[in-house]
Each structure stands twice: as structure tokens, then as C-alpha cells.
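Protein chains in written order, with my numbering: chain S, 1 to 175; chain V, 1001 to 1102. The beta-carbon is built from N, C-alpha and C at its ideal position, and this holds for glycine as well.
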Amino acid sequence: MELTFYVASAIAILATIMVITNYNMIHALLYLVVSFLAVAVVFFTLGAPFMAALEVIIYAGAIVVLIIFVIMMLNLTNEDVQQEKTWLRPKTWIGPALLSLVLLAELAYLVIAEDMPTINNQPVDAREVGLALYGPYLLGVQLCGMLLMAGIVGAYHLGRQKKKVVHRFLERSEI
Amino acid sequence: MTNIPMEAGLLLAGILFTLGLISVLIRRNIIFMLISVEIMLNAAGLAFIVAATRWAQPDGQVMFIFILTMAAAEVSVGLALILQLHHQLKTLDSDAANKMFG
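Given below as C-alpha cells:
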């Protein structure tokens, strides 16, 4: 079980590195699916099976498919891949990457320096999560509903394309 | 029974978050920036799950469900904005967004 955790972590990190270094958007999204599936395995080994299922269904299923749909609608060609290559030069990425890695090293030092206990893994199943969700966190659930409603209305309003209104007489005169 | 040290889980979350942060900083393509924000949100959720497992309480998992909801709402609005940007400017360059003019 521990080996599963470490292998899945390695897959998640490698796939995420492939996502952020890929020039082709569709390839990057396929690696992103692999990364999310690996994180789902990590959730499962940590004793959160319901969250693993949600990760697969919502992240790897819904969100990535939504992004793929939009990429298909945008009609990207090989030129966009070349454009991405010209944008991503080593001079551009090496500074932020180094500074972020220094921050990560500091974080790792702080985490390791603290003496933390090992996880004694007893799974928290969906029943307890549901009881907590609709018990003390009921207000949060309602706020989530309002957030999703705002998301739907916002996406509809922003994504609507304004139709050109042409009078039918003008249309006929053009023909 | 597994015996995973808590540092390992938190380190994994930190590494994934840093990778997402690097990608947000270095990319100019706006879709890649959206993908990187998803990676960062996922890493934050992973940290919550690790904490939930440490104390064997469901609260961390509830927080992960909230993060999931927020990510879904965010990606729908973000993709609508990307469609609008590409429709008006014919580019995915995030620098071009300052010329959107409503």
C-alpha cells in the first residue's frame, strides 16, 4: 500500500511536469488526465475512496472534457504550437522557475523539520462525509449552490455571441 | 494498514502546487494558465485530504468538495472569457486582453 502511494506520487509529478513543458495543448491535457488519475490513486491509498471517485468524475471527466471542447471550438493549428514554442524561451522561464523552486525547498525544509506522526490509515467513507456535509456544513452547501448558479449565469452571459441584426430588405438587396 | 508519513503527502501537495505556480508564471497562452490554476487547486485539495486522513475526520474531505465546486464554476466562467477573447481578438495571448474594449 505504501509502494502504491509512492508510485502514484511519482506518476503525478512526472505527468504534471509533462503538462507544463508541453507545447501542444491537446497532449498537455492528456497528461493532465493522467496526473488527475494518479492523484485519485493517492486519495485512495490515503483512505478517502469517495474523494478518489469524485476526482475521477469531476476533474478528469467534466473539467478536462470542457477544456477539450473549447480547444476544439477554437480551431487551433500547427502554427499555434510554433507560436507557443517562440513564447516559451529559456530566458523567459528560468527566472520564475528557479525562484519558485527555492520557495519549494523552503517549504520542504519546514515540513521535514517538524516532527510529524505517521498517518494511521483508517478510511473515512462516504457516509461520514455526507453526515458532515449536511450537518455542520449545511451553510457551505447552500453557498456552493449559489456559486454554481452564478457560474452558470456568468458563463451564459459571457459566452453569448452578439448576433448581427440585418434587416431582411437589406439582405435581399445584397443578393 | 498503511503507514505513510504525513510529510510525504504534504510534500507531494507542495511539489504539485509549485509546478502549477511555475506554469502560471511562465506561460503566455491563456488556456495553459487556466490549466495551471486547476493544477494548483487540485494540490490544495490534496493537502486538505492529507490533513483529513491524519485526524481521521471528514472535515477535510468536505473542504475538498467545496474546492471541487469552486474549480468547476471557475473553469466554466474562465472558458467563456477565453471564447470571447478569441472571438474578438483572434489570439490566445494573455497580453492582448488589455485591448478587449468591453
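- Among the residues of chain V, those whose CB is under 7 Å from the CB of S/Q122 are A1056, following chain order.
- In chain V, no part has a C-beta under 9 Å from the C-beta of S/P49; the shortest such distance is about 10 Å.
- Put simply, the backbone Cα of V/F1017 is about 10 Å away from that of V/L1010.
- Put simply, the CB of S/P96 is near chain V, with a gap under 7 Å to one of its CB atoms.
- Contact of S/T86 with chain V is not assigned, every C-beta pair being separated by 7 Å or more.
- When the beta-carbon positions are compared, S/S9 and V/L1012 come within less than 7 Å of each other.
- Counting C-beta pairs with one atom in each stretch, the region 90-102 of chain S and the region 52-66 of chain S have fewer than three that are closer than 8 Å, which means they do not touch.
- Here S/F69 is exposed: its Cβ has fewer than 16 other Cβ atoms, across all protein chains shown, within 10 Å.
- Rounded to the nearest angstrom, the gap between the Cα atoms of V/A1051 and S/L147 is 25 Å.
- S/N24 sits exposed, since fewer than 16 C-beta atoms from the chains shown fall within 10 Å of its C-beta.
- Under the three-state reduction of DSSP output, V/P1058 falls in the coil class, being neither helix nor strand.
- Interface criterion met: the Cβ of V/V1062 is under 7 Å from a Cβ in chain S.
- Interface with chain S (7 Å Cβ-Cβ cutoff): V/F1048 is excluded.
- Remark: fewer than three beta-carbon pairs, one from each stretch, lie closer than 8 Å, so the region 1091-1101 of chain V and the region 1052-1064 of chain V are not flagged as touching.
- Chain V places no beta carbon closer than 7 Å to that of S/I68, leaving this residue out of the contacts.
- Secondary structure remark: continuous alpha helix (DSSP H) runs of at least 4 residues inside the region 1027-1072 of chain V, in chain order: 1030-1055.
- Taking 8 Å as the Cβ-Cβ cut-off, the region 1008-1024 of chain V approaches chain S at A1008, G1009, L1010, L1011, L1012, G1014, I1015, L1016, T1018, L1019, G1020, L1021, I1022, S1023, given in chain order.
- The closest CA to that of S/N78, considering only S/I26, S/L32, S/D125, is found on S/I26.
- Taken in chain order, the members of the region 1069-1084 of chain V whose beta-carbon sits within less than 8 Å of a beta-carbon on chain S are T1069, M1070, A1071, A1072, A1073, E1074, V1075, S1076, V1077, L1079, A1080, L1081, I1082, L1083, Q1084.
- Looking at the DSSP output, V/P1005 shares a beta bridge with S/T118.
- At a cut-off of 7 Å between beta carbons, V/N1098 makes no contact with chain S.
- Residues of the region 13-46 of chain S with a Cβ closer than 8 Å to any Cβ of chain V, in chain order: I13, T16, I17, V19, I20, M25, A28, L29, L32, S35, F36, V39, V42, F43, T45, L46.
- At least one CB atom of chain V sits nearer than 7 Å to the CB of S/A132.
- Per the Cβ contact rule, the region 1024-1043 of chain V is not in contact with the region 133-148 of chain S (fewer than 3 Cβ pairs under 8 Å).
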